[in-house]
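> 108 is the number that my numbering gives to position 120 of the sequence shown; each next residue is one higher, with no gaps.
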Amino acid sequence: MQPSTLHTPFGEVAFQKFGSGPRLLIAFHGFSEAGSAFAEMGVILEGSCTLYAIDLPFHGSTRWQGADYRPAQLAALVEALLEREGRPHFEAIGHSLGARLWLHLLPEFRGRIEGLYLLAPDGLQTRWMYLVEWMPAGFRRGLIPFLSHPGWLLSLAKALHRTRLIGRFLLQYLRVHLSEAGRRRRLLHTWLALSHFRLSKGKARCLIRQAGLPVLVLLGDKDQLVKPETIRHALKGLKNVRIEEINATHRSICRVAAPWIERGGWQ
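1) Looking at the ligand HEM, does it come within less than 7 Å of residue 149, judged from the CB to the closest heavy atom?
2) Quick check on this structure: which residue in 28, 68 and 35 has the alpha carbon closest to the alpha carbon of residue 0?
3) Check the C-beta distance from residue 237 over to residue 46 and give it rounded, since I have them as a contact under 8 Å.
4) Are the region 36 to 55 and the region 15 to 25 touching by the rule of at least three beta carbon pairs closer than 8 Å?
5) Rounded to whole angstroms, how far is the Cβ of residue 107 from the Cβ of residue 206, which I believe are closer than 8 Å?
6) Is residue 79 closer than 8 Å to residue 96 when the C-beta atoms are compared?
7) Anyone know if the C-beta pair for residue 22 and residue 54 falls short of 8 Å?
8) Are the beta-carbon atoms belonging to residue 110 and residue 87 less than 8 Å from one another?
9) Taking the alpha-carbon positions, what's the residue 91 to residue 217 distance?
10) Exposed or buried, what is residue 209 when buried is set at 16 or more other beta-carbons lying within 10 Å of its beta-carbon?
11) Can you grab the Cα-Cα spacing for the pair residue 6 / residue 27, in whole Å?
12) Kindly give me the distance between the Cβ atoms of residue 59 and residue 104, rounded to whole angstroms, as I take these residues to be in contact under 8 Å.
13) Over the uninterrupted alpha helix (DSSP H) stretch that includes residue 165, give me the two end residues.
14) Might you give, ordered along the chain, the residues of its own chain that have their beta carbon closer than 8 Å to the beta carbon of residue 63, omitting 5 neighbours on each side?
15) Can you pull the DSSP bridge partners for residue 171?
16) Looking only at its chain, what residues have a beta carbon closer than 7 Å to the beta carbon of residue 156, apart from the 5 residues adjacent to it on each side?
17) State the CB to CB distance for the pair residue 248 and residue 204, rounded to an integer number of angstroms; the pair is presumed to be in contact (CB under 8 Å).
18) For a quick check, are the C-beta atoms of residue 175 and residue 166 less than 8 Å apart?
19) Cα-Cα, which of 29, 136, 32 and 229 is closest to residue 193?
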């Protein structure tokens, strides 16, 4: 592993490099994780692949300057890594939030991404979160001062849990990520950024179809956050998409996916 930093107009972006093999992989991690989430995968793949894992804005050791981030900024980070390697083509890996981000970058790298791996992808099951998902950016910014003092929101979440409108998992998720100032900052600024990465079933299908590249979707059979049946339904009928369910949780899938990626799992 080689930790390093990209010096960009947007801030200091941390990344880790694993291996030096001929296949070039660039990975985006999930929410509340960091590039180190791919460390075990990097060790497994180091003989056959060169894997770059970025710490996304507001995560890990990255020091991002803005209040949010946009697809063009992430594309610039990817271009900087490609320039380091002197290669125009690569394969992309996205876990959870990272999968959503890669889907939005597909038009930026059309013809240059040789394969896409989506691990427990986020954004294809909105349900009651639909209103939050599509809330305008300006309205989101206006809510930030109120969300910075989360007592009322946690009380609301408890009430919703008592009436079974939200599950225990989501209630605990909010408790964890709103409990401390640094975690709240990460959650709120990522939420702001998501106004530039809106996703629906229809949009995801359109982005994948237009990209025309092989896509492997891996889903964990023990994942409490992303339900396999929902993703299968959302992507059903796309000829360039292969969907597999494997023995993994939402977090362990980054490690368990390594053999699939090593052999080019869409083959």
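From the three backbone atoms N, C-alpha and C, an ideal C-beta is built for every residue, glycine too.
Computed from a prediction, not measured in an experiment: that's the story for all the values here.
The structure says:
1) What this structure holds is no ligand at all, so the ligand HEM is not there to describe.
2) When each option's Cα is compared against that of residue 0, the closest is 68.
3) That pair is no contact at about 24 Å.
4) At 8 Å Cβ cutoff, the stretches touch.
5) Contact flag correct, Cβ pair sits at about 5 Å.
6) The Cβ-Cβ distance between residue 96 and residue 79 does not fall below 8 Å.
7) Taking 8 Å as the Cβ cut-off, residue 22 and residue 54 do not qualify as a contacting pair.
8) In contact: residue 110 and residue 87 (Cβ atoms closer than 8 Å).
9) Between residue 91 and residue 217, the C-alpha separation is close to 20 Å.
10) The C-beta of residue 209 has fewer than 16 other C-beta atoms within 10 Å across all chains shown, which makes the residue exposed.
11) Linking residue 6 to residue 27 through their CA atoms gives a straight-line distance of about 8 Å.
12) No, residue 59 and residue 104 are not in contact; Cβ-Cβ is about 15 Å, not under 8 Å.
13) Counting along the chain, residue 165 sits inside the alpha helix (DSSP H) bounded by residues 156 to 166.
14) Here the set comprises 93, 96 and 97.
15) Partner(s): none; residue 171 has no beta bridge.
16) For residue 156, same chain residues with a beta-carbon under 7 Å away, outside a window of 5 residues either side, are 149 in chain order.
17) Right, the Cβ-Cβ distance comes to about 7 Å (below 8 Å), so this counts as a contact.
18) Yes, they are a contact pair.
19) Closest by C-alpha distance to residue 193, out of 29, 136, 32 and 229, is 229.
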